[in-house]
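Report on the following structure.
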Amino acid sequence: MISKNKIRTALILASAMLVLLGLAGCIRKANPTGNNWSNVYPLSFTDSTSFVAGYSYAGSGTVKGTETKLLSGNYGGVEAVAAMRFTGLPKYATFYIPPTYQDSTYLELTLVKRSPFTRFPVDLSVYKLNQSWAADSTSLIQDANMELLTPDPFTIPDSISTAGTIVQIPLPMSALENWNSTADTLGLSLTVRTGAASYVEILAAETGRGPRLRFKYRTSDIPEDTDDTEYSQRATRDSYRLDADAAPLLPNRWVLSNIDPSRIYVNFVLNSALFRNTPENGGGVLSEQQRRRATINKAELIFHVKDNPYYGTTAQYSLRGDRVRDSLDLSTPVELTDAQVASGLINSSVVLGDSVVVNITPIIQAYSSGDSGNWGVAVRSLQELLNFGSLELWHFTDAPAGKQPKLRVIYTPPYL
458 MISKNKIRTA LILASAMLVL LGLAGCIRKA NPTGNNWSNV YPLSFTDSTS FVAGYSYAGS
518 GTVKGTETKL LSGNYGGVEA VAAMRFTGLP KYATFYIPPT YQDSTYLELT LVKRSPFTRF
578 PVDLSVYKLN QSWAADSTSL IQDANMELLT PDPFTIPDSI STAGTIVQIP LPMSALENWN
638 STADTLGLSL TVRTGAASYV EILAAETGRG PRLRFKYRTS DIPEDTDDTE YSQRATRDSY
698 RLDADAAPLL PNRWVLSNID PSRIYVNFVL NSALFRNTPE NGGGVLSEQQ RRRATINKAE
758 LIFHVKDNPY YGTTAQYSLR GDRVRDSLDL STPVELTDAQ VASGLINSSV VLGDSVVVNI
818 TPIIQAYSSG DSGNWGVAVR SLQELLNFGS LELWHFTDAP AGKQPKLRVI YTPPYL
């Protein structure tokens with residue numbers, strides 16, 4: 458006689474088999490998961506024909522005094538003057554530097570970049586700054602308050618390591634013995650300037666490897682007293698002054714510049730006919746409703762480089778594409794303020810081949826979903842005022858074959 462437990466177990470197994478057979482009848486062979494997702498996967502398109510407007514315009518900003526590099530140069534119509542303050546020096550008129558100590562009396566700088574040595578040598582001159590100053594308001598530093606300490610300029614090496622090349626600029630001992638200034642009671646302030654058509658970038662105090670002042674001295678003039686004391690301290694405050702005209706409006710040119718900030722405006726039509734379904738789902742153009750529901754996996758503006766005097770293929774650029782918030786008159790280039798754009802994603806890389814990329818994924822998502830009107834993209838460098846870098850990109854109106862800017866979009870059609 459069959460027990461009730463065995464009968465119950467057999468009924469349960471039979472019911473389970475019936476359920477499995479029912480599910481198997483609903484599953485397509487190519488889609489064993491039982492849903493229609495296998496027919497939906499990312500697609501892409503690249504469009505170089507839909508650009509309609511673009512120009513360069515001036516950016517804005519100020520030196521804050523917290524930068525990690527100091528700039529000194531006279532290059533491309535821009536002058537940069539590095540300033541630094543040293544404190545804790547021995548009290549004026551209580552010490553002297555023996556003449557034999559000249560070799561150990563110097564200003565030490567760690568250089569990380571210089572203008573191309575194939576053009577001009579980089580000569581540095583050091584000045585004493587006889588005025589008070591603040592790191593975030595260096596525009597107030599006056600040339601008339603700079604006293605030249607090094608009549609013979611110091612020529613830096615032709616080759617500078619990106620990891621840092623240390624140079625030691627000899628300073629006159631008398632200038633340090635008479636370091637005090639009634640105009641700046643906080644310490645000894647120095648400035649560094651370059652010759653014509655050259656620049657240099659110097660590590661700042663924020664890196665822990667900023668400018669260092671070093672000298673040995675004695676506090677007694679008794680010949681038998683040979684006790685030496687060494688002053689060797691890094692600047693407690695440093696910054697730089699920039700003198701530059703605002704970058705010009707340049708119709709039909711795309712120029713990104715850091716030292717005299719220049720940004721670019723790009724406008725293109727987002728061609729809805731390029732958004733299509735997968736072949737398994739007919740391959741047709743997505744309807745407006747489908748396009749609004751599509752997921753933008755990645756969207757990029759790809760530019761080809763026309764002029765690259767700074768970055769080469771090793772220095773890293775950092776660009777950001779911002780969504781323009783409102784419509785513009787495309788027939789008249791205008792400067793855009795920060796209030797007119799919504800910040801986008803940052804793209805940091807090196808120039809690969811001859812192209813640079815700007816990630817605009819959230820912007821294209823906003824366009825395709827209808828959350829924002831297509832009023833263009835403003836591209837800026839995030840290194841503005843931080844170095845002498847610049848890039849000119851081929852504009853769609855005059856780019857040769859193979860150098861046209863492109864919009865590349867990877868998207869996934871909606872599942873249902």
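Count along the sequence shown from 1, add 457, and you get the number used in my numbering. The beta carbon of each residue, even a glycine, is placed where N, CA and C say it ideally should be.
- Note on Y498: under 16 other CB atoms within 10 angstroms of its CB, so exposed under the neighbour-count rule.
- In this structure V538 is in contact with R650, their Cβ atoms being roughly 5 Å apart against a cut-off of 8 Å.
- The beta carbon of N602 is closer than 8 Å to those of L586, N587, Q588 and A640 in its chain, skipping five residues each way along the sequence.
- Note on geometry: alpha-carbon atoms of D615 and T818 lie some 42 Å from one another.
- Sorting L628, V836 and R698 by C-alpha distance to the C-alpha of F611 places L628 at the top.
- If you look at Y563, you'll find it in the beta strand (DSSP E) that goes Y563 to R571.
- Using a 10 angstroms sphere on the CB of R749, the tally of other CB atoms stays under 16, which defines it as exposed.
- Below 8 Å, too few C-beta pairs join the segment 739 to 756 and the segment 779 to 794 to call them touching: fewer than three.
- Between I759 and K863, the beta carbon gap of about 4 Å places them in contact (Cβ cut-off 8 Å).
- One thing to note: N709 has its Cβ no nearer than 8 Å to the Cβ of T506.
- I820 sits in a helix when the DSSP states are folded into three classes.
- Here DSSP, grouped into helix, strand and coil, assigns S655 to strand.
- DSSP places R748 in the uninterrupted alpha helix (DSSP H) bounded by E745 to R750.
- L647 is positioned such that its CB atom lies no closer than 8 Å to that of V569.
- Per DSSP, A704 lies in no alpha helix (DSSP H) segment and is marked neither H nor E.
- When DSSP states are grouped into helix, strand and coil, P556 belongs to the helix group.
- Within the segment 582 to 620, complete beta strand (DSSP E) segments of at least 3 residues are found at 603 to 605, given in chain order.
- Going by beta carbons, Y767 and S847 fall inside the 8 Å limit.
- Taking the C-beta atoms as reference points, I721 is found nearer than 8 Å to V836.
- Beta-bridge partners of R837 (DSSP): R777.
- F760 has V813 as its beta-bridge partners, per DSSP.
- With contacts defined as CB atoms closer than 8 Å, F552 and R675 qualify as a contacting pair.
- At a Cβ-Cβ threshold of 8 Å, L707 and S513 count as neighbours.
- Scanning its chain for C-beta atoms nearer than 6 Å, with the 5 sequence neighbours on each side dropped, one finds around S812 the residues I759 and H761, in chain order.
- In the DSSP annotation of this structure, A632 is not part of any beta strand (DSSP E); the continuous alpha helix (DSSP H) holding it starts and ends at M630 to E634.
- Beta-bridge analysis with DSSP links K860 to no other residue.
- Ranked by Cα distance from W590, the first of L809, Q746, G644 and P555 is G644.
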